[in-house]
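The structure appears right after this line, and notes come after that.
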Amino acid sequence: MDTLMLSRLQFAVATYFHFLFVPLTLGLSMLIAIMETIYAVRGDEEYKAMARFWGKLFLINFAMGVVTGLTLEFQFGTNWSRYSRYVGDIFGPLLAIEATVTFFLESTFIAVWAFGWNRLSPKAHAVAIWLVALASSMSAIWILIANSWMQNPVGFAMKNGRPVLNDFMAVVTQGYAILTILHTLAGAYIVAGFFVMGISAYHLLRKPQDSFFLRSFRIALIFALVFSVFEVIEGHMHGAGLALKQPAKLASLEAHWNTSANAPVYLLAIPDPENDRNSIEIGRVPGALSLLAFHTPTATVTGLKDIPRDQRPPVAPTFVSFRLMVMLGMLFLLLTATGFFLRNRLASNRLYLKVMIYAIPLPYIACALGWTVTEIGRQPWIVYGLMKTADAVSPVSSSQVAASLAAFTIVYTLLGIAAFSLIARQARKGPEAVPKVQPARQEDGV
Amino acid sequence: MIETIWFVLWGVLWAVYFMLDGFDLGLGTLMPFVAKNEAEKRIVYNSMGPFWDGNEVWLITAGGVTFAAFPGTYAVMFSSLYSPLMFILFALILRGAALEMRGKAASTGGRKLWDMCLVVGSFVPALLFGVAFANIFRGIPIDGEGIYHGSLLGLLNPYGLLGGLLFLSLFLVHGCLWLAAKSEGDLHQRAAKMSGRIWIAALVAAALFLGYSAIETNLYDNYRAMPALFIIPFLAVCTLIVVRVFIGNASWWKAWFASCAAIAAAALFGVAGLYPALFPSSMGKAYTMTIYNSSSSPLALKIMLVVALIFVPIVIIYQAWAYSLFRGKVKEQDSGYEKVY
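As structure tokens, this is what we get:
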């Protein structure tokens, strides 16, 4: 394989792995902050135990997110040096601002929180986790603005063959970025909601009246329900945004070949990119694609045939990933809505609890599929319409990249096993024993 | 003008990174030699626990600023130093995982494995950052396309290795001093003793490095053109000597602060000599990446400067507050690492 393909594989390995940890960091920090705030306000020790228990899982996950994030920043330089040089004026500042404004805050206060139980008042301690939660979401926002600029470059002028920043606000406030941010954050919050619900379900199956896990479950349920509803609505707006900005991506995620008004959606289709058609099309819903993309059934939607072959993304992975993601999104809505109706008799519905344990990985998969749609759907461009991925790779030897790719694969596999088995073990173990009656401030000033 | 401001900030960011992460890299390397039993090991881990992550963000920021302010340099520097950077990255990954997971390992075997990850993961960056920067001071064989024409072993030339040993010995002293300030009893005694011994190595390495730089690099050109700059290496040597004085007085915190200053001054010695180059080529002056041929547009630099001027002081304030929050000695009965979580 050549340096380009190896570098693409390496970046894929590194980002997918990184994104196994990021969404939980984003969402679980919020949930812990909510739990600890209830403790700080009411003084109910059980909520403190909740913050500590979920916090323990959070910290393992957080550390993995940090160490795998560092490699991503470095890889822009090591493997995509031509890209880095080309976009440095716009992409670089966004990363630098992310580190300066948010990442310091997140990393400093996570330590204050983890080690500061006996050094801070309950309120100050709750503030620390809120800072972590807000900083990590802010951090995601900056990164997503940078990614959105690759999807939809704005706010620049070409100078000596390079895009040069001329309107920072346009970069930061563009619509594409706002949609991406909402979509990604909501997805991350769903991951965390299902994570807490699934682990709580595991314990509730064993101890049905355990108030610790009943309360945890309900907090996570409301959280996940709100964002599942939000995600479906936002996902639709997202598709409509795509229709305007990236017609090639829209056409390939629907395997839509012929430019047409009244464009249909097929419930089932198998794309056949060799022959510019779908080999099977079942369940035609006429006008549905036009309606979804442009809010009117008669609108014309560009088909892949009208996009030059060398500017089309790979259709099959984009199409399949998109379908699966949407189906999972619907499933999350169904599962959380069911949970909402069962909320006062959760413990007695063993089937639902069992399903929720097995549902833990699903939102993770949905996130990975979403990124597949976003990133493969942007191909062959690395910066949409400006620079092709093939022109972005570093002038390094393929043997170097092959070696580092092998190392990434091995190290990440082992780390993944270590981290997830540790999380699973700690999750099964359950919380520390909670003292029954105790003044809330007993631990201060130790 | 603004390019020069960013050059200074770039140098300061790297210096601050080495000054802060230096102690936990050094202490991580020394852990098995200084801690003799499980309780002592836990104290060593605990003494770094609340700090390493925040320290590492300075590296992320230094990398991010290189990307943002000098994308041309970032591209050439990171791709030409591909293999050594990958070694550093993997080391930092293992180290971070060890720091977080070691305390939760179920078995002694598991803890031993993580201990090894910590040692390797701390030693490799401590050494290789020195090797990499010494080679940068010396010039890297890159052509006009930014393509690297050397080998991995070529970086391990005598000057590069000396740079590595200088960094390593400074970080080891820094780590010993930190532990001496944070611990009590036998552990404290051992760390204190070690700090004095390794200090001799650091002094020798520093003296050799300052001399060898005159032969091997063009760093002193700037110093000859602007003799006031000599204050930087002078301060580096002075603060290193002050470190020894405080070790003699058993004033561990003062010694640690002096060691901070020595590390920062050592890094800035090289940076000041580089200006206006960021990444010199040994294959021809025209190929050198400088602040003129590799910087971002004035608008990008201006926006980032505003952000930096507002946020870096805020970062310094809350990081200093966090350091002071955890300033006391780490005691065995805290057994913090496992219990706090």
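In the order they appear, the protein sequences are chains A and B.
Going by our numbering, the residue at position 270 of the first sequence is 270; the numbering climbs one at a time, nothing skipped.
One gets our numbering by counting positions in the second sequence from 1 and adding 1000 to each.
Heads up, the beta-carbon is just placed ideally off N, CA and C, and yes, glycines get one too.
| query | Which residues in chain B sit within 8 Å of D89(A), going by Cβ to Cβ distance? | reply | Below the 8 Å Cβ cutoff, chain B contributes P1071, S1296, S1297, A1300 as neighbours of D89(A), in chain order.
| Proximity below 9 Å, CB of A224(A) to CB of C367(A) | Not closer than 9 Å, so no.
| For the beta strand (DSSP E) that contains Y266(A), what are its first and last residues? | From DSSP, the beta strand (DSSP E) with Y266(A) extends over 265-272.
| message | Am I right that A99(A) and I1200(B) are in contact with their C-beta atoms under 8 Å? What's the rounded C-beta distance? | response | Not confirmed; about 37 Å, so no contact.
| said: Could you check whether the Cβ of P317(A) sits closer than 8 Å to any heavy atom belonging to the ligand NAP? | reply: Ligands in the displayed structure: none, and consequently the ligand NAP is not present.
| request: With DSSP collapsed to three states, give me the class of S1183(B). | output: S1183(B): coil per DSSP, three-state reduction.
| field | Contacting residues, own chain, Cβ-Cβ under 8 Å from Q246(A) (five flanking each side not counted) | value | The answer, listed in chain order, is Q151, N152, G377, R378, Y384.
| query | For S394(A) and chain B, any beta-carbon pair shorter than 9 Å? | reply | By this cut-off, S394(A) is an interface position.
| field | As assigned by DSSP and simplified to three states, the class of A224(A) | value | In the three-state scheme derived from DSSP, where H, G and I count as helix and E and B as strand, A224(A) is classed as helix.
| said: Could you check whether the segment 68-78 of chain A touches the segment 262-282 of chain A, counting it as contact only if at least three pairs of C-beta atoms, one from each stretch, sit closer than 8 Å? | reply: The segment 262-282 of chain A and the segment 68-78 of chain A do not touch, with fewer than three beta-carbon pairs separated by less than 8 Å.
| request: Anything in chain B within Cβ reach of G161(A), meaning under 7 Å, just list it in chain order. | output: By Cβ distance, chain B contributes nothing, its closest Cβ being about 13 Å from G161(A), past 7 Å.
| request: Note down, in chain order, every chain A residue with its Cβ under 9 Å from the Cβ of T1061(B). | output: Ordered by position in chain A, the residues that pass the 9 Å Cβ test against T1061(B) are A96, A99, T100, F103, F104.
| message | At the level of alpha carbons, what is the spacing between T336(A) and R215(A)? | response | Rounded to whole angstroms, the separation of the alpha carbons of R215(A) and T336(A) is 15 Å.
| message | Could you check whether L144(A) and T173(A) sit closer than 9 Å to each other, using their CB atoms as the reference points? | response | No; because the gap between Cβ atoms is not below 9 Å, this pair is not in contact.
| task | Kindly indicate if chain A contains any beta-carbon less than 9 Å away from that of D1053(B). | result | A Cβ of chain A is located within less than 9 Å of the beta carbon of D1053(B).
| field | C-beta atoms of L1299(B) and L165(A) nearer than 9 Å | value | Yes.
| query | In terms of alpha-carbon separation, which member of E36(A), A133(A), G193(A) lies closest to K123(A)? | reply | Looking at the Cα atoms, E36(A) is the closest of the given residues.
| task | Could you tell me the distance, in whole angstroms, from the CA atom of R350(A) to the CA atom of L59(A)? | result | Roughly 30 Å between the two C-alpha positions.
| task | Scan the segment 1115-1185 of chain B and note each continuous alpha helix (DSSP H) run of 4 residues or more that stays entirely inside, going in chain order. | result | The segment 1115-1185 of chain B contains these whole alpha helix (DSSP H) runs: 1158-1182.
| What residues from chain A crowd round I1093(B), counting only those whose CB sits closer than 8 Å? | Neighbours of I1093(B) on chain A, chain order: V67, T68, L70, T71, V411, L415.
| request: May I ask you to report which of helix, strand or coil DSSP gives E1056(B)? | output: In the three-state reduction of the DSSP assignment, E1056(B) falls in the helix class, which pools H, G and I.
| field | Simplified DSSP state of L1013(B), which is helix, strand or coil | value | Under the three-state reduction of DSSP, L1013(B) is assigned to helix.
| Helix, strand or coil for P395(A) per DSSP? | Of the three classes helix, strand and coil, the one that applies to P395(A) here is coil, per DSSP.
| query | Are the CB atoms of A1068(B) and I382(A) nearer to each other than 9 Å? | reply | No.
| request: In the DSSP assignment, find the unbroken alpha helix (DSSP H) run with E281(A) in it and report its ends. | output: Looking at the DSSP string, E281(A) is not in any alpha helix (DSSP H); the run it does join, the beta strand (DSSP E), is 277-285.
| Beta-carbon proximity list for P439(A), same chain, < 7 Å, skipping 5 on both sides | Residue placement at P439(A) is flagged as unreliable, the pLDDT there being 45, under the threshold of 50; a coordinate-derived value is accordingly withheld.
| field | Member of A427(A), F340(A), L328(A), S397(A) whose CA lies at the smallest distance from the CA of L369(A) | value | Considering only alpha carbons, the answer is L328(A).
| query | Cβ of G1164(B) within 9 Å of Cβ of V1131(B)? | reply | Yes; because the gap between Cβ atoms is below 9 Å, this pair is in contact.
| request: Could you tell me whether the Cβ atoms of Y1159(B) and S1080(B) are closer together than 9 Å? | output: In this structure, S1080(B) does not lie closer than 9 Å to Y1159(B) by Cβ.
| Cβ of F1269(B) less than 9 Å from any chain A Cβ? | Not closer than 9 Å to any Cβ of chain A, the Cβ of F1269(B) fails to qualify, so no.
| When you check each C-beta in the segment 1302-1322 of chain B against every C-beta of chain A, which residues fall closer than 7 Å? | The segment 1302-1322 of chain B vs chain A, Cβ under 7 Å: I1303, M1304, V1307, A1308, F1311, V1312, V1315, Y1318, Q1319, A1322.
| Beta-carbon proximity check, F332(A) vs I141(A), cutoff 9 Å | Contact: no.
| Do V301(A) and T338(A) come within 9 Å of each other at the CB atom, strictly closer than that value? | Cβ distance not < 9 Å, so T338(A) and V301(A) don't count as in contact.
| From the DSSP output, which residues share a beta bridge with A162(A)? | Reading off the sequence shown, one finds Arg at residue 162(A), where the question assumed Ala. Within the DSSP bridge table, the entry for R162(A) names K159(A) as partners.
| For M1(A), the three-state DSSP class (helix, strand or coil) | In the three-state scheme derived from DSSP, where H, G and I count as helix and E and B as strand, M1(A) is classed as coil.
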